[in-house]
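Here is the structure we will look at.
Residue numbers (this note's numbering): -14 to 220.
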């Protein structure tokens, strides 16, 4: 059997490292992960949540009923769409290129759409509806999994690498500044947001995945939904 082919739509390259480390802990067999967004050959789409938005609108323009039905995506066995839950506190006006006007004209889900945290699920559920509006879908296919860390994927990094640092992991899934917290650690411990530094912690993230699941409700949901998607592939 050939390696599982997984397509990833994500905010950025550091998110890919965190998600790929999680997948190494979740998936029972080798896999090939291809990042469709951000894509170096498509700088026009940009990165961050705005890049996920633009990719989603391009998907919508092709008129497919699901990612699984999109003829341009037939090479892949599974799809992961990542966006951080902190996007519920952002606004379309934060993006350039007339995005706010397009959102209004095309009826996209409202941003900001914050929700009290805890629980993390409140903002995540709000963001799902916004994401579906970008994709032009009301639900996702059985081979598509949403990855929505709260408030950011850095929460998973912190839980994996420094689960015992009480100051760091305080309000873990409700912290809007986890990236800054990691960068402010003592010099020998700090983790700045760079591909190199995140890659230095890949092994720790894979090994620490059970702890991440225990500390982060959204990691547990992602693990469960990935496991279910894999099961559907073999049925």
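Just so it is clear, CB atoms sit at the ideal spot from N, CA and C, and this is done for glycine as well. In this text the structure is predicted, and so the values were computed from the model without any measurement.
Beta bridge counterpart(s) of residue -9 as assigned by DSSP = Here residue -9 refers to the residue found at position 6 when the chain shown is read from its first residue. 18, 63, per the DSSP bridge assignment.
query = Span of the beta strand (DSSP E) holding residue 157?
reply = Residue numbering aside, residue 157 sits at position 172 when the chain shown is read from its first letter. Per DSSP, residue 157 is not a residue of any beta strand (DSSP E), being assigned neither H nor E.
request  = Verify whether the separation of the beta carbon atoms of residue 1 and residue 61 is less than 8 angstroms.
outcome  = Locating residue 1 in the chain shown gives position 16, where the first residue counts as 1. Locating residue 61 in the chain shown gives position 76, where the first residue counts as 1. Not closer than 8 angstroms, so no.
request  = Could you name the residues that DSSP lists as bridge partners for residue 98?
outcome  = The residue given as residue 98 occupies position 113 in the chain shown. Beta-bridge pairing links residue 98 to no other residue.
inquiry  = With a threshold of 7 angstroms on Cβ separation, who are the neighbours of residue 117 within its own chain once the five nearest residues in sequence on each side are excluded?
reply    = In the chain shown, counting from the first residue as 1, residue 117 sits at position 132. Within the same chain, and ignoring the five residues on either side of residue 117 in sequence, the residues whose Cβ sits closer than 7 angstroms to its Cβ are 123.
task = Determine, using beta-carbon pairs with one atom in the region 201 to 219 and one in the region 102 to 109, whether at least three such pairs fall under 8 angstroms.
result = Contact between the region 201 to 219 and the region 102 to 109 is present, with at least three C-beta pairs closer than 8 angstroms.
ask   = Is the Cβ-Cβ distance between residue 211 and residue 130 less than 8 angstroms?
value = Numbered from 1 along the chain shown, position 226 holds the residue referred to as residue 211. Numbered from 1 along the chain shown, position 145 holds the residue referred to as residue 130. Yes. Within cutoff.
ask   = When you compare only the Cα positions, how much space is there between residue 182 and residue 169?
value = Here residue 182 refers to the residue found at position 197 when the chain shown is read from its first residue. Here residue 169 refers to the residue found at position 184 when the chain shown is read from its first residue. If you draw a straight line from the Cα of residue 182 to the Cα of residue 169, it is about 14 angstroms long.
query = Hey, how far is the Cα of residue 97 from the Cα of residue 38?
reply = Numbered from 1 along the chain shown, position 112 holds the residue referred to as residue 97. Numbered from 1 along the chain shown, position 53 holds the residue referred to as residue 38. Approximately 14 angstroms between the Cα atoms of the pair.
request  = Report back the beta-carbon spacing between residue 64 and residue 7 to the nearest angstrom; my notes put them in contact at under 8 angstroms.
outcome  = Start at 1 with the first residue of the chain shown, and residue 64 comes out as number 79. Start at 1 with the first residue of the chain shown, and residue 7 comes out as number 22. The C-beta separation of residue 64 from residue 7 comes to about 15 angstroms, leaving the pair out of contact by the 8 angstroms criterion.
query = Could you check where the alpha helix (DSSP H) with residue 115 kicks off and where it finishes?
reply = Here residue 115 refers to the residue found at position 130 when the chain shown is read from its first residue. Run containing residue 115: 105 to 120, per the alpha helix (DSSP H) assignment.
query = If we count Cβ pairs, one from each stretch, closer than 8 angstroms, do we get three or more for the region 15 to 27 versus the region 83 to 98?
reply = Counting Cβ pairs under 8 angstroms, fewer than three are found: no touch.
inquiry  = Nearest by alpha-carbon distance to residue 95: which of 77, 101, 207 is it?
reply    = Counting from 1 along the chain shown, the entry for residue 95 is found at position 110. Closest by alpha carbon: 77.
ask   = Whose C-beta lies closer than 7 angstroms to the C-beta of residue 196 among residues of the same chain, with five residues either side of it excluded?
value = The sequence position of residue 196 within the chain shown is 211, counting from 1. So the list reads 144, 145, 148, once near-sequence residues are dropped.
For residue 17 and residue 54, the rounded distance between their alpha carbons = If you number the chain shown from 1, residue 54 lands on position 69. If you number the chain shown from 1, residue 17 lands on position 32. Each residue's alpha carbon lies about 20 angstroms from the other.
query = Cα separation between residue 128 and residue 214?
reply = Translated into the one-based positions of the chain shown, residue 128 becomes position 143. Translated into the one-based positions of the chain shown, residue 214 becomes position 229. Each residue's alpha carbon lies about 6 angstroms from the other.
key: residue 129, DSSP secondary structure in three states   = Taking the first residue of the chain shown as position 1, residue 129 is located at position 144. Assignment of residue 129 by DSSP, reduced to helix, strand and coil, places it in the strand class.
query = Is it the case that the Cβ atoms of residue 40 and residue -6 are separated by a distance below 8 angstroms?
reply = Numbered from its first residue, the chain shown carries residue 40 at position 55. Numbered from its first residue, the chain shown carries residue -6 at position 9. Cβ atoms of residue 40 and residue -6: closer than 8 angstroms.
task = Use the C-beta contact count for residue 221: other C-beta atoms within 10 angstroms, 16 or more gives buried, fewer gives exposed.
result = The chain is shown from -14 up to 220; residue 221 falls before or after that span and cannot be answered.
ask   = So, helix, strand or coil for residue 0, using DSSP?
value = Looking up residue 0 in the chain shown gives position 15. Here residue 0 sits in helix by DSSP.
key: Burial state of residue 46, where buried means 16 or more other Cβ atoms lie within 10 Å   = Taking the first residue of the chain shown as 1, we reach residue 46 at position 61. Residue environment for residue 46: exposed (fewer than 16 other C-beta atoms within 10 angstroms of its C-beta).
task = Would you kindly check if the distance between the Cβ of residue 4 and the Cβ of residue 132 is under 8 angstroms?
result = For the purposes of this step, residue 132 is taken as residue 147 along the chain shown, with counting starting at 1. For the purposes of this step, residue 4 is taken as residue 19 along the chain shown, with counting starting at 1. Pairing residue 132 with residue 4 gives a Cβ-Cβ distance under 8 angstroms.
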